[in-house]
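Asker: One structure, pasted below without further comment.
In our numbering, the protein residues as written are 1 to 265.
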């Protein structure tokens with residue numbers, strides 16, 4: 001069962017990894033053909049947010065764990081049995097001509113709008129960064145902890161100590177990314193990856209394009225690589241009970257191995 005799933009994941013990683021590796025030499029287009037009069041600044045940071053099944057202990061689930069996986073099945077159908085690989089917060093800050101934009105990506109099924117607003121307001125109040133310029137999104141992994149309260153089967157549906165921990169780590173990742181800021185330049189690349197995914201619902205349309213923004217320092221070293229790809233992170237399907245960032249994590253690892261910096265999906 002797991003062997004088949006791991007084989008499927010390996011196929012995804014092989015193809016997508018090769019495509020990403022293709023970008024630096026062929027498909028990247030630099031934005032600084034003529035030197036800008038104003039400087040672009042950038043910083044990135046990554047923090048793991050993997051819940052320990054012995055931590056955040058209220059409520060305790062019937063099997064003794066504290067985490068149910070989100071994404072498949074009904075309430076309490078997928079108690080986490082182990083950690084396959086870490087789930088992460090990854091932040092990127094860009095600043096140009098006095099305007100700052102923050103991108104935050106979470107390895108979670110979702111993050112409620114109320115919690116998004118709380119983070120934005122805290123960052124704006126504490127650090128003066130406009131809330132409207134903070135973008136918080138999730139990878140939508142189907143094997144991460146339930147952060148929406150739809151799969152846990154208890155009231156409250158989410159583990160609030162863990163949710164508070166996530167909020168604090170988002171702010172910390174932004175602070176660390178800000179401290180890492182340096183002069184930067186951007187490169188963009190795109191390609192099509194047909195046949196790698198399918199849409200199980202009619203009419204079966206997919207968006208096969210893979211798009212990348214690479215952020216470099218002035219030496220040409222990678223600060224961050226932002227990856228946009230529409231494939232659902234559910235390679236390990238519903239019978240998986242291990243916490244994982246799914247293929248997204250392995251894709252990021254490959255990109256960081258080849259290019260350096262922080263990879264963000």
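Yeah, the Cβ is synthetic: ideal placement off N, Cα and C, and Gly gets one too.
A quick note: this is a predicted structure, and the numbers were derived from the prediction, not measured.
Let's see if you can read the secondary structure: which residues bound the beta strand (DSSP E) around residue 215?
Answerer: By one-based count along the chain shown, residue 215 stands at place 215. Here the beta strand (DSSP E) through residue 215 covers 209-217.
Asker: Short of 6 Å in beta carbon distance, which residues of its chain neighbour residue 82, apart from the five on each side in sequence? Order them along the chain.
Answerer: By 1-based counting over the chain shown, the position of residue 82 is 82. Contacts found: 242.
Asker: Considering residue 48, what are the terminal residues of the beta strand (DSSP E) in which it resides?
Answerer: Residue mapping note: residue 48 aligns to position 48 of the chain shown, counting from 1. Where residue 48 is concerned, the enclosing beta strand (DSSP E) stretches over 40-48.
Asker: Taking the alpha carbon of residue 161 as the point to measure from, which residue in 44, 45, 49 has its own alpha carbon closest?
Answerer: Indexing the chain shown from 1 puts residue 161 at position 161. Of the listed residues, the one whose Cα sits closest to residue 161 is 49.
Asker: Just verifying my parser: in three-state terms, what is the DSSP assignment at residue 174?
Answerer: Here the question's residue 174 lines up with position 174 in the chain shown. Helix.
Asker: Enumerate in chain order the residues of its own chain whose CB-to-CB distance from residue 103 is below 6 Å, with the five nearest sequence positions on each side excluded.
Answerer: Position 103 of the chain shown, counted from the start, is the residue given in the question as residue 103. Excluding sequence neighbours, residue 103 sits near 92, 135.
Asker: Between the Cα of residue 232 and the Cα atoms of 190, 198, 202, which residue gives the shortest distance?
Answerer: On the chain shown, position 232 is the one that residue 232 refers to. Taking only the C-alpha atoms, the option nearest residue 232 is 198.
Asker: Exposed or buried, what is residue 189 when buried is set at 16 or more other beta-carbons lying within 10 Å of its beta-carbon?
Answerer: As a first step, residue 189 is located in the chain shown; it is residue number 189 there, counting from the start. Flag for residue 189 reads buried.
Asker: DSSP puts residue 192 in a beta bridge; with which residues?
Answerer: Here residue 192 refers to the residue found at position 192 of the chain shown. Residue 192 pairs with 209.
Asker: Could you give the distance in angstroms between the alpha-carbon of residue 97 and the alpha-carbon of residue 41?
Answerer: Residue numbering aside, residue 97 sits at position 97 when the chain shown is read from its first letter. Residue numbering aside, residue 41 sits at position 41 when the chain shown is read from its first letter. Cα to Cα, the separation comes out at about 9 Å.
Asker: Can you name the residues that DSSP bridges to residue 68?
Answerer: Taking the chain shown and counting its residues from 1, one reaches residue 68 at position 68. Bridge partners of residue 68: 79.
Asker: So, with DSSP's three-state summary, where would you put residue 51?
Answerer: For this step, residue 51 is matched to residue 51 along the chain shown. Coil, per DSSP.
Asker: From the DSSP output, which residues share a beta bridge with residue 103?
Answerer: Within the chain shown, numbered from 1, the residue matching residue 103 stands at position 103. Partner(s): 92, 135.
Asker: Where does residue 182 fall in DSSP's three states?
Answerer: Residue mapping note: residue 182 aligns to position 182 of the chain shown, counting from 1. Residue state, collapsed to three classes: strand.
Asker: By the three-class DSSP mapping on this structure, what secondary structure does residue 262 have?
Answerer: For this step, residue 262 is matched to residue 262 along the chain shown. Of the three classes helix, strand and coil, the one that applies to residue 262 here is strand, per DSSP.
Asker: Would you identify the three-state DSSP class for residue 234, choosing helix, strand or coil?
Answerer: Locating residue 234 in the chain shown gives position 234, counting from the first residue. In this structure, residue 234 counts as coil in the three-state DSSP scheme.
Asker: Which word fits residue 230, buried or exposed, when buried means at least 16 other C-beta atoms lie within 10 angstroms of its C-beta?
Answerer: On the chain shown, position 230 is the one that residue 230 refers to. Per the 10 Å Cβ criterion, exposed.
Asker: Can you give me the start and stop residues for the alpha helix (DSSP H) that residue 113 sits inside?
Answerer: Residue numbering aside, residue 113 sits at position 113 when the chain shown is read from its first letter. Per DSSP, residue 113 belongs to the alpha helix (DSSP H) from 113-127.
Asker: Could you give the distance in angstroms between the alpha-carbon of residue 222 and the alpha-carbon of residue 75?
Answerer: The residue labelled residue 222 in the question sits at position 222 within the chain shown. The residue labelled residue 75 in the question sits at position 75 within the chain shown. Cα-Cα distance, rounded: 42 Å.
Asker: Look at the alpha carbon of residue 105 and the alpha carbon of residue 44, and state the distance between them as a whole number of angstroms.
Answerer: Along the chain shown, read from residue 1 onward, the residue named residue 105 stands at position 105. Along the chain shown, read from residue 1 onward, the residue named residue 44 stands at position 44. Going from the Cα of residue 105 to the Cα of residue 44 covers about 11 Å.
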